[in-house]
Every structure is written in C-alpha cells, then in structure tokens.
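In this note's numbering, the protein residues as written are 11 to 146.
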C-alpha cells in the first residue's frame, strides 16, 4: 500500500468511463464529496474537470477507464487522475492561439502545485495539490 495515500484521513476514490460523461461525473461527484467535507470546492472542481477531461480525451484507451482520487488531511487537498496512457505525459507549454486547450494552464493557475508520475504500467497519474485551509 502506498504510504503517502495511507496518511490521508479523507478519501474519495472512483473509477469512471474515459468519456465526456465520465469526466463530467468526476467533477459532480467530487464536488459533492468536497462539500460534505466542508472544504472549498470551486477551484478544485475546475482542476478536477480539466484533469478528468484530459484523461477522457488524451489518456483514453478503448475499453479502459480512468480513476479519480480526492484525498485530504489537515494541510493538503490532493487530486489524482490516473489514465491508461502512461506513454503520453502532459505538456507544460503555454498554448498558442491555434492550440486546442488551455487545461493545464488553468490547473497551474489554480493549484498550489501539480505534476505527473508514471505507473503502474501502462498508466500515469496527473496530480494537483491545494494547501489548506483554502480560501472560503
């Protein structure tokens, strides 16, 4: 068991289809969970929406789902989205006018930090963290 995850007191984990509907459900379900925990959810909801949409669009492998984990302790809210495309890591470049998305620019602007980790094969996880307490 991953020691880092074992330390989080509040945990919400779900596996969803790598579709637009699955990405939308990720945002809706996680927002309700954050609300039930008494945490601010607006900025995290945007980050969840972007990471889940990326998993459904760029991390999609037919027949494979993506996983969302929302984890919290007294100091940190962590969002993890794991998809089946470990061979495709997100690009940190700032999109130009002709590029399609600005999702990771939004994640970078809203989260206190974010990054990626590979594995378990063939997957990758894109994560974002917010320092707590968050603004209200």
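Each residue gets a CB set at the ideal place from its N, CA and C atoms; glycine is no exception.
- The three-state reading of DSSP puts residue 46 in helix, counting H, G and I together.
- Residue 118: member of the alpha helix (DSSP H) spanning 113-120, first to last residue.
- Residue 69 is positioned such that its CB atom lies no closer than 8 Å to that of residue 31.
- Rounded to whole angstroms, the separation of the alpha carbons of residue 132 and residue 47 is 32 Å.
- Residue range 52-67 is occupied by the alpha helix (DSSP H) that includes residue 61.
- Look at residue 125 here: in three-state DSSP terms it is strand.
- According to the DSSP assignment, residue 75 belongs to the beta strand (DSSP E) that extends over 75-82.
- Under DSSP, residue 131 shares a beta bridge with no residue.
- Per DSSP, reduced to three states, the secondary structure at residue 98 is coil, with no helix or strand assignment.
- Here residue 43 really is in contact with residue 22; their C-beta atoms are around 4 Å apart, less than 8 Å.
- In the DSSP assignment, residue 29 falls outside any beta strand (DSSP E), carrying neither H nor E.
- For residue 93, the enclosing beta strand (DSSP E) begins and ends at 86-93.
- In this structure, the alpha-carbon of residue 118 lies about 7 Å from that of residue 124.
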